[in-house]
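Written below as structure tokens is the structure these notes are about.
Number of protein chains: 2
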Amino acid sequence: MKRNITFLLVAALAGQLCMAQSGKVVEDFKPSSVNQDGKAYPQVNSEGRVRAQISAPEAKKVQLDIGGVKYDLVKDDKGVWTGESGPQDEGFHYYQLNVDGASVPDPGSLYFYGASRWGSGIEIPAKDQDFYALKKVPHGQIREVTYFSRVNSTIRRCFVYTPADYDKDPEKRYPVLYLQHGGGENETGWWSQGKAGLIVDNLIAEGKAKPFIIVMDNGTWAMPAPPRNNAPQGERPAGPWPPKGWFEGFQRTLLGDIIPMIDSNFRTLADTKNRAMAGLSMGGMQTREITLANPNKFSYVGIFSGGVISPEDIKTNPVFKENVKLVFVSFGSRELENRNPNFGKGIDPKNVTEELKQTGMNAHFYTSPLTAHEWQTWRRSLYQFAPLLFKK
Amino acid sequence: MKRNITFLLVAALAGQLCMAQSGKVVEDFKPSSVNQDGKAYPQVNSEGRVRAQISAPEAKKVQLDIGGVKYDLVKDDKGVWTGESGPQDEGFHYYQLNVDGASVPDPGSLYFYGASRWGSGIEIPAKDQDFYALKKVPHGQIREVTYFSRVNSTIRRCFVYTPADYDKDPEKRYPVLYLQHGGGENETGWWSQGKAGLIVDNLIAEGKAKPFIIVMDNGTWAMPAPPRNNAPQGERPAGPWPPKGWFEGFQRTLLGDIIPMIDSNFRTLADTKNRAMAGLSMGGMQTREITLANPNKFSYVGIFSGGVISPEDIKTNPVFKENVKLVFVSFGSRELENRNPNFGKGIDPKNVTEELKQTGMNAHFYTSPLTAHEWQTWRRSLYQFAPLLFKK
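Have a look at this one:
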């Protein structure tokens, strides 16, 4: 059996290589769903290839830069460059174009904040895209909230999702999920490319999740200068990562400013059992550190591609054991295959989560099929996590 | 005296030419206030020049394209291109970079929707920028509202500004301003580059305007296919402009969907005397056409760089005369100098507005000093218009 699988894998890989070499691509490209209004490119085909196009009559070399690979575009006699990538995983990806050495956004796409810049993004239609589709159901609002942070002595902003029925009954109060973006992203990530509003709108409309408020703030601004800035470009400093204290600034801001501001400006259920925190990647690490350090503040914990909570972590933390009704941990299957360094060398996060469950905690583990450290993993994680919230 | 002024003008022009030719620019450049976090370029100096910079080691030619002029950038030995524009008017401008013939957004700036694309924008600090500054005052929310449009059989979105005290008293109701963007712009323009939320926050905090709701929807999506698409690129079709019926689609959407949706989802004062409409450029033309055709729906009318209402227009419109408490018309001074075709050949909009006033209407005319058909004109127009609203 093992031999058969190996054979199939080799055959599949060989087939893919042949396809790439012969340049044969399936000609069913359609404009990406996140193109700017009226723009025909970029396009995506049924294999998940991205075809980019840009007019650059005087350029010598134009490339599509996606998924860590640069693909050459080819110029026609009108100076228009066109070319496509290899197949990409389903879901959302950041990308850019390279014009004679200049890395620039594609003028055809909408722009998203990630990789520490506003730049191009593309959607590879996913077989399960229905759960974040824009449907004719009641929709919540995404509100830009501007507030003064005493902790940081500055004016900050966050985005708050209020469920569709929020303005119907002025007496009703709601539980709150504090939902954090990843490193190099910001407070726009979850409602824009993350589609958090649509995911929760759809779940609520189907009766699969209780209505709740989502608060999306910026976990980067409030951080102290990261120690790894002292390490050479692209390298992490020696020692455990994230370094101790990395998230103290955001913790102070969250507890000192954000939660009190939300509780005084929105109709929240302002107690521990109605407060959740979750995040992706860096936001998951922040969730882990902040909920472990403040077990009297949060009852639901979601860590998406950002580490695990082990029995060891809570051995001397009776308040966490008592208060926390759910520990939800997730990864993309490709992260698990590749042993993503975010969850430590040699640790199997599924096993660790199972061990946590054995201690009596309500621990859930979710694996997103065939996705990596990317937004499709996190959309699916929220979709799995939200129905488990505020049930107790 | 006239000779002296001519002499001064010639001397000033000659000085400017010399400066441009010798390349002497004042070296007090600072990063633009609408740069992406941490980006050093683009920069602006005290003359209002824009200095752009981009790494493009293999490029042959890189240009900064702003205000209808292309300025060459110069390459250093590391392949980084740098160069500056001539002095720009105070306020916000769209711009782009040109890399070997490819027109692309500047990777250093934030992106704004205008000229029918998401692209770069820059702020030239204005002497009066305090009125739209982000201050430590109570701030309203900008809410993204998703709703089903029966008129268009589609899901649409708009943005709604609710004033800072909106969530304090669940009994209080508010008047509403429907505020429209210009051609090639969308529902994000007024709260993003237009800074409508900050302008009204500041006016309310100073007690200069009554709190009101602002609804910013998309006036383009709902339009019928514009007749000028049949005219050659960049040319208008023959006959009066805008062509009759141009705005019927948006009128149906506004009256049939948007206003009823707002009145049933927000705590509005849902009567004529508490409803205003205003817009810039195309949005001003829409305001003019829609309020003249529906004088029982709106009591306050603001037309910014989008035409005038003449005594002739309302001669046979007693309901308009009766209901409309304010007609506010504005232009940038450079539009008046250049006889912007948007208000017709040979018409002096200030005189026409004065004539309207003579008929007994409460008509106001405002000229924005030293600005053209640009956002600084419209920010100032809103700042002048808002204090006059809902006073009767």
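So the sequences go chain by chain: A and B.
Under the numbering used here, the residues of the first sequence are numbered 250 to 641, in order.
Under the numbering used here, the residues of the second sequence are numbered 250 to 641, in order.
Don't be surprised by glycine CBs; every beta carbon is placed ideally from N, CA and C.
Item to check | Alpha-carbon spacing of A/SER579 relative to A/TRP627, whole angstroms | outcome: 8 Å
Next on the checklist: For A/SER282, would you say it is in contact with chain B, using Cβ-to-Cβ distances shorter than 8 Å as the test?
Outcome noted: no
Checklist entry - Given that a residue counts as buried once 16 or more other Cβ atoms are within 10 Å of its Cβ, and exposed if not, what is B/VAL323? => result exposed
Next on the checklist: Tell me the residue span of the alpha helix (DSSP H) that contains A/TRP624.
Outcome noted: 624-634
Checklist entry - Should A/SER402 go down as buried or exposed, given a rule of 16 or more other Cβ atoms within 10 Å for buried? => result exposed
Checklist entry - Between which two residues does the alpha helix (DSSP H) harbouring A/ILE508 extend? => result 508-514
Item to check | Below-8 Å beta-carbon distance, B/VAL568 vs any chain A residue | outcome: no
Item to check | A/PHE397: contacting residues in chain B (beta-carbon distance under 8 Å) | outcome: LYS385
Next on the checklist: Whole angstroms are fine: how far does the CA of B/VAL557 sit from the CA of A/PRO280?
Outcome noted: 41 Å
Checklist entry - Quick one: which chain B residues come within Cβ less than 8 Å of A/VAL348? => result ALA305, ALA308, VAL348, ASP349, ALA351 and VAL353
Next on the checklist: Check this for me: beta carbons of B/TRP330 and B/ALA308, under 8 Å apart or not?
Outcome noted: yes
Next on the checklist: Judging by CA-CA distance, which residue of B/VAL576, B/LEU452 and B/LEU313 is the nearest neighbour of B/LYS385?
Outcome noted: B/LEU452
Next on the checklist: Between A/ILE404 and chain B, is the shortest Cβ-Cβ distance under 8 Å, so that the two count as touching?
Outcome noted: yes
Next on the checklist: Which of the three DSSP states is assigned to A/ARG405 in this structure?
Outcome noted: strand
Checklist entry - How is A/THR255 classed by DSSP in three states: helix, strand or coil? => result Because A/THR255 sits at a pLDDT of 43, beneath the cut-off of 50, its placement in the model cannot be relied upon, and the point is left open.
Next on the checklist: Quick check: A/SER617 and A/GLN625, are their CB atoms within less than 8 Å of each other?
Outcome noted: yes
Checklist entry - If you draw a straight line from the C-alpha of B/THR502 to the C-alpha of B/THR620, how long is it? => result 32 Å
Checklist entry - Should A/ASN545 be labelled buried (16 or more other beta-carbon atoms within 10 Å of its own) or exposed? => result exposed
Next on the checklist: Taking 8 Å as the threshold (C-beta atoms), are A/LEU518 and A/ARG392 in contact?
Outcome noted: no
Item to check | Interface partners of A/ASN401 on chain B, CB under 9 Å | outcome: Correct list: empty, because the minimum Cβ distance to chain B is about 13 Å.
Checklist entry - What three-state label does DSSP hand B/THR620 in the structure shown? => result coil
Checklist entry - Does any C-beta atom of chain B lie closer than 8 Å to the C-beta of A/GLY356? => result Residue identity check: residue 356 of chain A is Pro in the sequence provided, not Gly. At least one chain B Cβ lies under 8 Å of A/PRO356.
Item to check | Cut-off 8 Å between Cβ atoms - residues of its own chain near A/GLY370, not counting five sequence neighbours on either side | outcome: VAL283, PHE341, HIS342, TYR343, TYR344, SER358, LEU359, TYR360, PHE361, GLY363 and GLN442
Item to check | Three-state class that DSSP yields for A/VAL275 in the structure shown | outcome: coil
Checklist entry - Out of curiosity, what's the CA-to-CA distance linking B/GLU420 and A/ARG583? => result 53 Å
Item to check | Pick from A/ASP562, A/SER559, A/LEU383 and A/THR521 that is closest to A/VAL573, judged by C-alpha positions | outcome: A/THR521
Checklist entry - Is there at least one Cβ from chain B nearer than 8 Å to A/TYR360's Cβ? => result yes
Next on the checklist: I'd like to know if A/TRP439 contacts chain B, where contact means its C-beta is closer than 8 Å to some C-beta of that chain.
Outcome noted: no
Checklist entry - Which chain B residues are close to A/VAL394, counting only those with a beta carbon under 7 Å from its beta carbon? => result GLN390
Next on the checklist: Just to make sure I have the definition right: I need the residues of chain A whose C-beta is within less than 9 Å of the C-beta of B/PRO419. Which are they?
Outcome noted: PRO419 and GLU420
Item to check | Simplified DSSP state of B/ASN566, which is helix, strand or coil | outcome: coil
Item to check | Backbone secondary structure at B/MET534 - three-state DSSP | outcome: helix
Checklist entry - Closest Cβ-Cβ distance between B/GLY532 and chain A: below 8 Å? => result no
Checklist entry - Straight-line CA distance for A/ASP321 to B/PRO306? => result 17 Å
Next on the checklist: Against chain B, does A/ASP466 count as a neighbour if the rule is that its beta carbon must be under 8 Å from one of theirs?
Outcome noted: no
Checklist entry - So does the segment 457-472 of chain B actually touch the segment 407-420 of chain B, counting three or more Cβ pairs closer than 8 Å? => result yes
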